[in-house]
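Chemist:
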Amino acid sequence: MSHPFPQKTHLALLAVVSALLVLKAVRRAPKKHLLLKDLKDVASNVDAGGYTIRQLYDSEYDIIIIGGGTAGCVLAARLSEEPTLRVLLVESGESSVHLKEAIMPAAFHKLFKTKHDYGLSTVAQPSAGGTSRYLPRARLLGGCTAMNAMILHHAAPSDYDEWPKFLGKTKDSSIWSYEGLKKYFLKFETFIPHKDHPDVDVSERGSSGPMKTGYFGHNSYITQQFIRACETAGIPAFPDVNTSKGTLGATKTINFIDPRGRRVTAENSYLTPEVLKRPNLRVIISATATKVIFDKTGDQPRVVGVELASSRDALLLRFSVKLTLLLSAGAIHTPHILMLSGIGPAAQLAFYDVPPLVNLPGVGEHLMDHPVVDVNLLDKSGHSFGWMRESTGLNFKVASAVFQWSWRGTGPLTTNLAEGIAFLRADDPKLFPDSEEPLLAEDSTSGPECPDLELFVTPLAYSTAGAGAITELSFGVHAVALRPTSLGTVKLKSNDPFDSPVIDPRYLTTKHDVQVLVKGIKALLRVTQAEPLASKVVDRSGDDDPTLDHHLYKATTAEMEEFVRQRVSTLYHPTSTARMARKEDGGVVDEELRVYGVRGLRVVDASVFPTIPAGHTAAPTLAVAEKMADLIKAEYAKV
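When the letters of the sequence shown are read in order and numbered with our numbering, they come out as residues 1132 to 1770.
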């Protein structure tokens, strides 16, 4: 989701108690010696054709996983359950279990634009105000589960039933249907029931997985009124938007926050101390994969290893792989590594002096992301969390919240910010009854029960572009286009693996996406003018405040379109840049996520999604990784 606070935000007194908080939070954290960082301590020099490469003594593994993010942690934990498989996990960042910013739910914004974030930005977006957009990507074990809004959302079942269609008639394509994935959504989860939400059907929730979920995040007064106003406006309340019954409706979010009020990440859930002590698993951090190594002597190139380095000027390390190498570096860095290794559009590779190995034009293409528009309004209820934004002076609200969180695991600092959500369709006649409303350019959804719009509420407002301060007595409502038709790219900037790739999401290049977001703003305005939100929360005295967006109540459709283009930003959900589809249709991997044209190389992360699901991407990434771990173990165990 969008940037919640200015980077200079100061939580008063947090430094005073942070040592105590970290001590409490990391009692179960893995010992640092279980994670390898200083590679020279476990390496020796070997001859490598005229230049030096450092090679680990135990340098051959059955399976190597590149990327310790959301999917990578799942794969490492699950594959190492099979004692006959020697598994290596490589992560370019560090561990997050000792970072207070990744422990306290409300503090994740403090990781943005630090060494724990890749600090990526898109190129200028001509259809979106002509400016670039910041694109947070966590550089940490656990990946973006350490730096996101902690929302559990499966998306619509029909989204996954659509996936096999991209593969054609293959015998195994049906494994990616909703029925093929359903048990894996449950496998990663342990849902903990909550007395305030008795209507959740626990039989539809996971009960024994590593990732704890529930309602332990804060539920602000503003959020409660928003959900009630959604129902008044025509969006029915729905207790759980993560079941086979679909996802349409408004609800309090189920989130990845544990009963102690701590963030649940893929690292602290899957890479527990017990898992890291397995003799067949090794985890290396602070190491960047520079390229994948192939044996080119056979009829098809075969993966034999990977080269790593801790920095641009550091010595390279080479690791050998016996069975398969899994790329799990995410939708930005997975295609980057593929191209650096010679797999991708041949002309682009040659232009940057990368010897082409396999001409695979789909690599880095079809980038999809969820565009969001933030609307900031004045709060008259006195329940805004704007006090979290204060940067000077002694803030007793912050001090109280810090102690409440540290000792009881409750209070405002357990907010995941996007506390309440609603899923709807932009063609719903109950919500958009005006006969003059133009029809959408196309229906991009996967079926009639699939939403193409998400609304969510945050108990404070924030400026995505950093264009100025927003009054502290404010809150935010937000519209997301869930099935965008604008397609972007990830391309090389150079052949230097430490140069970030060129990211062009091409936001709002289709009429459809602009129309859906304008419909989203109109839906937001209907909700904010509905009871009880209208009378209890929304302060119309802010109509003339230029830092707020009350002018939208009087805006024309054309003015809303311009607002959308200027304000749109990323929900941080990039997908589909190494998509699972037929090769002739731009696919990069087949139904078993094997990269076309080579042997021994798979991709397992959100880049393989054939198209973006109509919802948040953490849960489907976890489910895909769980499923692939089962498939790989069945293929390679006890070989």
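All C-beta atoms, glycine included, are put in the ideal place defined by N, C-alpha and C.
#1: Taking 8 Å as the cut-off, decide whether the C-beta atoms of A1654 and L1555 are in contact.
#2: Out of F1357, D1332, I1323, point me to the one whose CA is closest to P1341's CA.
#3: Can you tell me where the alpha helix (DSSP H) with R1696 in it begins and where it stops?
#4: Which same chain residues end up closer than 6 Å to D1330 when comparing Cβ atoms and leaving out the 5 residues on each side of it in sequence?
#5: Starting from the C-beta of H1808, find all residues in its chain whose C-beta is less than 6 Å away, skip the five residues before and the five after it, and write them out in chain order.
#6: Which residue's Cα is closest to the Cα of G1337: G1365, I1385, V1735, I1306?
#7: Indicate the three-state DSSP secondary structure (helix, strand or coil) for D1292 in the structure shown.
#8: In terms of residue numbering, what span does the alpha helix (DSSP H) encompassing Y1767 cover?
#9: Terminal residues of the continuous alpha helix (DSSP H) containing F1357?
#10: Go through its chain and collect everything with a Cβ distance to T1772's Cβ below 8 Å, but skip five positions before and after it.
#11: From which residue to which residue does the alpha helix (DSSP H) around G1203 run?
#12: When you compare each of P1560, G1718, P1236, H1747 to G1392 by their alpha carbons, which one comes out closest?
#13: I'd like the span of the beta strand (DSSP E) that includes K1244, first residue to last.
#14: Go to P1502, then tell me how far its beta strand (DSSP E) extends in each direction, as first and last residue.
#15: Out of curiosity, what's the CA-to-CA distance linking P1744 and D1292?
#16: Apply the 10 Å Cβ neighbour rule to K1300 and answer buried if 16 or more other Cβ atoms are within range, or exposed otherwise.
#17: Run through DSSP, which three-state label would D1193 get?
#18: Is it buried or exposed for R1733, if we count other Cβ within 10 angstroms and need 16 for buried?
#19: For A1765, which residues of its own chain have a beta-carbon under 7 Å away from its beta-carbon, when the five flanking residues on both sides are left out?
#20: Confirm, please, whether the CB-CB distance from P1628 to T1465 is below 8 Å.
#21: Taking 7 Å as the cut-off, is the beta-carbon of D1644 closer than that to any non-hydrogen atom of the ligand PLP?
#22: Taking a contact to mean a Cβ-Cβ separation below 8 Å, would you say G1718 touches R1725 in this structure?
#23: Could you name the residues that DSSP lists as bridge partners for N1490?
#24: Would you say V1414 faces chain E, with C-beta separation under 8 Å as the test?
#25: DSSP three-state label for R1657, please.
#26: Entirely within the segment 1412-1451 and at least 3 residues each: give me those beta strand (DSSP E) ranges in chain order.
#27: By the three-class DSSP mapping on this structure, what secondary structure does D1670 have?
#28: Go ahead and pull the three-state DSSP assignment for F1554.
#29: Are the beta-carbon atoms of G1273 and T1396 separated by less than 8 Å?
#30: How close, in whole Å, do the beta carbons of L1219 and I1195 come, if the pair is a contact with beta carbons under 8 Å?
#31: Along the chain, where does the beta strand (DSSP E) that runs through R1733 open and close?
#32: Let me know the secondary structure DSSP gives D1635 once reduced to three states.
#33: If I1358 sits next to G1551, beta carbons under 8 Å apart, how far is it from one beta carbon to the other, in whole angstroms?
#34: Given this structure, state the Cα-to-Cα distance separating T1667 from K1685, to the nearest angstrom.
#35: Ends of the alpha helix (DSSP H) at G1311?
#36: So what does DSSP say about E1213, is it helix, strand or coil?
Modeler: Let me spell this out:
#1: In this structure, the beta-carbon distance from A1654 to L1555 falls below 8 Å.
#2: Scanning F1357, D1332, I1323 for the CA closest to the CA of P1341 turns up I1323.
#3: Segment 1688-1698, the alpha helix (DSSP H) holding R1696.
#4: Closer than 6 Å at Cβ, skipping near neighbours: P1370.
#5: An answer regarding residue 1808 cannot be provided, because it is not within the stretch 1132 to 1770 covered by the chain.
#6: Residue I1385 is the option with its Cα nearest to G1337.
#7: Reduced to three states, the DSSP call for D1292 is helix.
#8: Counting along the chain, the alpha helix (DSSP H) containing Y1767 begins and ends at 1749-1767.
#9: Note, F1357: alpha helix (DSSP H), 1352-1364.
#10: Since the displayed the chain opens at 1132 and closes at 1770, residue 1772 lies outside it and no answer follows.
#11: Its alpha helix (DSSP H) spans residues 1201-1210.
#12: Looking from the CA of G1392, the closest CA among P1560, G1718, P1236, H1747 belongs to P1236.
#13: Counting along the chain, K1244 falls outside any beta strand (DSSP E), and DSSP gives it neither H nor E.
#14: Going by DSSP, P1502 is part of the beta strand (DSSP E) stretching over 1502-1509.
#15: Distance between the alpha carbons of P1744 and D1292 is about 11 Å.
#16: Classification for K1300: exposed.
#17: The answer is strand: DSSP assigns D1193 an E or B state.
#18: Label assigned to R1733: buried.
#19: Closer than 7 Å at the Cβ level, and outside the excluded window around A1765, lies no residue.
#20: Cβ distance not < 8 Å, so T1465 and P1628 don't count as in contact.
#21: In the structure shown, the ligand PLP is absent, as is every other ligand, since no ligand is present at all.
#22: Contact: no.
#23: For N1490, which the question treats as bridged, DSSP gives the partners G1475.
#24: The structure shown contains no chain E; it holds only a single protein chain.
#25: Reduced to three states, the DSSP call for R1657 is helix.
#26: List check, beta strand (DSSP E) in window: 1412-1415, 1419-1426, 1433-1440.
#27: In the structure shown, D1670 adopts coil according to DSSP, grouped into three states.
#28: In the structure shown, F1554 sits in a strand (DSSP, three-state: E or B).
#29: A contact, by the Cβ cut-off of 8 Å.
#30: Correct: roughly 5 Å between the Cβ atoms.
#31: In the DSSP annotation of this structure, the continuous segment of the beta strand (DSSP E) that includes R1733 starts and ends at 1732-1734.
#32: Strand, per DSSP.
#33: Going by Cβ atoms, the distance from I1358 to G1551 rounds to 5 Å, so yes, they are a contact pair.
#34: A small correction: the amino acid at residue 1667 is Lys; Thr does not occupy that position in the sequence shown. Approximately 21 Å between the Cα atoms of the pair.
#35: In the DSSP assignment, G1311 falls within the unbroken alpha helix (DSSP H) covering 1309-1318.
#36: If DSSP states are grouped into helix, strand and coil, E1213 belongs with coil.
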